[in-house]
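There are 2 protein chains.
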Amino acid sequence: MLELAILGFLYEAPLHGYVLRRRIAALTGHVRPVAESTLYPAIKRLEKAGLLVRATEPGAVAAPRHVLRLTEEGRRELRRRLAEPGRREITDENQWFVLLAFLRHLADPAAQTAVLNRRLAFLEEPTSFFYDGDRPIRAEEVDDPFRQGILTIARATSRAELGWLRDTLASLDGA
Amino acid sequence: MLELAILGFLYEAPLHGYVLRRRIAALTGHVRPVAESTLYPAIKRLEKAGLLVRATEPGAVAAPRHVLRLTEEGRRELRRRLAEPGRREITDENQWFVLLAFLRHLADPAAQTAVLNRRLAFLEEPTSFFYDGDRPIRAEEVDDPFRQGILTIARATSRAELGWLRDTLASLDGA
DNA sequence: CGACCATACATCGGCCTCGATGTATTACGT
DNA sequence: ACGTAATACATCGAGGCCGATGTATGGTCG
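Note that the protein sequences, when read in sequence, are chains W and U. Residues in the first sequence are numbered from 1368 upward in steps of one, following the numbering used here. Residues in the second sequence are numbered from 1368 upward in steps of one, following the numbering used here.
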């Protein structure tokens, strides 16, 4: 998820770590902040894997900056990760949102459609949070107001996303 | 999050690991599956911390089971974690849902209200995913349909949850 | 009667993440 | 002149999570 965000932001323009950090904080930080001690090793990993290169520039404001730029391999890797997301990226809303934030970088509308269809299939699987044996329990049956909340909120989210997905798939198909 | 789920499920009744695993899978598994190799060490940690004890029973169907039971300290610890959640449990929907699933075990309605109010405060902070400098960008301004989706879905979720929160807070206040 | 699946638990190595801490510079208020 | 905050990067140790793999047993189905 972190690596995807790094690749995604660098895909558009080279950035140095500090700005990258603030972009990531804006994207996912209110929900799941990323520590600096997680970001910098992640950058190093990607560098070691040949997905990005660093160029040291004198610091405009403070210490010298390392401007990060994706290599051609890095650009391919982002597109690959967008086109072939793991199951977690599809099911976990946090990770899914990161993927969505960069899905525009997949040039082929058919590839974008394929990814959205995977999410659609996941959302259409009937799932609950609570079961009576194998039978999913509906919000109306639960007497605990907090568990009712979970089901209510999840249902509203699902409904909104299904609507958006169908609209977007239709317009991708039309285009 | 995992530990909270273990404590929460065991709070109501002693269970053995396998059943516990299936309960957790139902609660969070469709979004974020928990590997067995994560669950069993987590149980051990809690045992080592004196929060639960194991009793070996001959297996009804297969191998012998370890029936897990919370100690008095374990019960206190669940209530403590519910009453004083970390920031992540408030902001991350996945973790928040786990907390909500067990919030009923907090006997005091005032304590429940306090937790819901923390979530309310978080949801009322104006946040976006994308910024133009410091100014949050609204869904209507984004031309990328995928980023529009993120904002649309997040807004729908937020609206639904705010409605539920206000209703629930009102009824807790009335009770 | 043999294959396979569900039950039930466990370990190991590798990797990722986090909190704490450190270094250095510039800007700003007071 | 001095403290504090923001900029900008980095390391380290502790601990958590995962995939792979292992060990049993009992039930089901062809």
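Note that the Cβ used here is the ideal one computed from N, Cα and C, for glycine as well.
Neighbouring residues, chain U, relative to residue i (Cβ below 9 Å)
{"i": "residue 1433 (chain W)", "result": "Residues of chain U passing the Cβ test: none, with the nearest at roughly 23 Å."}
{"i": "residue 1488 (chain W)", "result": "Ordered by position in chain U, no residue passes the 9 Å Cβ test against residue 1488 (chain W), which lies about 13 Å from the chain."}
Min CB distance residue i to chain U below 9 Å
{"i": "residue 1498 (chain W)", "result": "yes"}
{"i": "residue 1464 (chain W)", "result": "yes"}
{"i": "residue 1373 (chain W)", "result": "no"}
{"i": "residue 1388 (chain W)", "result": "no"}
{"i": "residue 1447 (chain W)", "result": "no"}
{"i": "residue 1502 (chain W)", "result": "no"}
9 Å Cβ cutoff, residue i in contact with chain W
{"i": "residue 1461 (chain U)", "result": "yes"}
{"i": "residue 1511 (chain U)", "result": "yes"}
{"i": "residue 1468 (chain U)", "result": "yes"}
{"i": "residue 1451 (chain U)", "result": "no"}
{"i": "residue 1528 (chain U)", "result": "yes"}
{"i": "residue 1491 (chain U)", "result": "no"}
{"i": "residue 1438 (chain U)", "result": "no"}
{"i": "residue 1404 (chain U)", "result": "no"}
{"i": "residue 1455 (chain U)", "result": "yes"}
Identity of the residue in the options nearest residue i by Cα
{"i": "residue 1493 (chain W)", "options": "W:1465, W:1403 and W:1522", "result": "W:1522"}
{"i": "residue 1485 (chain W)", "options": "W:1424, W:1466, W:1501 and W:1502", "result": "W:1466"}
{"i": "residue 1537 (chain U)", "options": "U:1383, U:1476 and U:1498", "result": "U:1476"}
{"i": "residue 1479 (chain U)", "options": "U:1540, U:1399, U:1419 and U:1372", "result": "U:1540"}
{"i": "residue 1407 (chain W)", "options": "W:1491, W:1387 and W:1528", "result": "W:1387"}
{"i": "residue 1441 (chain U)", "options": "U:1462, U:1457, U:1458 and U:1472", "result": "U:1472"}
{"i": "residue 1437 (chain U)", "options": "U:1430, U:1413 and U:1524", "result": "U:1413"}
{"i": "residue 1517 (chain W)", "options": "U:1464, U:1458 and U:1511", "result": "U:1464"}
{"i": "residue 1497 (chain W)", "options": "W:1491, W:1490 and W:1505", "result": "W:1505"}
{"i": "residue 1445 (chain W)", "options": "W:1430, W:1531 and W:1368", "result": "W:1368"}
{"i": "residue 1428 (chain U)", "options": "U:1459, U:1383, U:1457 and U:1395", "result": "U:1383"}
{"i": "residue 1392 (chain U)", "options": "U:1378, U:1373, U:1520 and U:1381", "result": "U:1373"}
{"i": "residue 1529 (chain W)", "options": "U:1520, U:1461 and U:1381", "result": "U:1520"}
{"i": "residue 1450 (chain W)", "options": "W:1533, W:1531, W:1371 and W:1534", "result": "W:1371"}
{"i": "residue 1398 (chain U)", "options": "W:1535, W:1430 and W:1495", "result": "W:1495"}
{"i": "residue 1448 (chain W)", "options": "W:1418, W:1425 and W:1503", "result": "W:1418"}
{"i": "residue 1535 (chain W)", "options": "W:1487, W:1431, W:1501 and W:1507", "result": "W:1487"}
{"i": "residue 1511 (chain W)", "options": "U:1513, U:1490, U:1502 and U:1470", "result": "U:1470"}
{"i": "residue 1507 (chain U)", "options": "U:1500, U:1389 and U:1515", "result": "U:1515"}
{"i": "residue 1435 (chain U)", "options": "U:1443, U:1421 and U:1425", "result": "U:1421"}
{"i": "residue 1404 (chain W)", "options": "W:1395, W:1394 and W:1385", "result": "W:1385"}
{"i": "residue 1461 (chain U)", "options": "U:1474, U:1376, U:1481 and U:1396", "result": "U:1396"}
{"i": "residue 1491 (chain W)", "options": "W:1389, W:1411, W:1433 and W:1532", "result": "W:1532"}
{"i": "residue 1381 (chain U)", "options": "U:1502, U:1433 and U:1394", "result": "U:1433"}
{"i": "residue 1489 (chain U)", "options": "U:1425, U:1394, U:1457 and U:1474", "result": "U:1457"}
{"i": "residue 1379 (chain U)", "options": "U:1401, U:1423 and U:1439", "result": "U:1439"}
{"i": "residue 1525 (chain U)", "options": "U:1468, U:1416 and U:1459", "result": "U:1459"}
{"i": "residue 1481 (chain W)", "options": "W:1452, W:1425 and W:1416", "result": "W:1452"}
{"i": "residue 1313 (chain W)", "options": "U:1389, U:1400, U:1390 and U:1409", "result": "Since the first and last residues shown for chain W are 1368 and 1542, residue 1313 (chain W) lies out of range."}
Contact set between residue i and chain U, taken where Cβ atoms lie within less than 7 Å
{"i": "residue 1516 (chain W)", "result": "1467, 1531 and 1535"}
Within chain W, the residues that residue i reaches when beta carbons sit closer than 7 Å
{"i": "residue 1397 (chain U)", "result": "1458 and 1494"}
{"i": "residue 1471 (chain U)", "result": "1511 and 1513"}
{"i": "residue 1520 (chain U)", "result": "1524, 1527, 1528 and 1531"}
Per-residue DSSP class, three states only, for residue i
{"i": "residue 1423 (chain U)", "result": "strand"}
{"i": "residue 1442 (chain U)", "result": "helix"}
{"i": "residue 1434 (chain W)", "result": "strand"}
{"i": "residue 1418 (chain W)", "result": "coil"}
Contact set between residue i and chain U, taken where Cβ atoms lie within less than 8 Å
{"i": "residue 1380 (chain W)", "result": "What residue 1380 (chain W) touches in chain U: nothing, since even the nearest Cβ is about 15 Å away."}
Closer than 8 Å at the beta carbon, the chain W residues around residue i
{"i": "residue 1393 (chain U)", "result": "1495, 1496, 1497 and 1498"}
Would you mind listing the beta strand (DSSP E) stretches within the region 1452–1538 of chain W that are 3+ residues and don't spill past its ends, in chain order?
-> none
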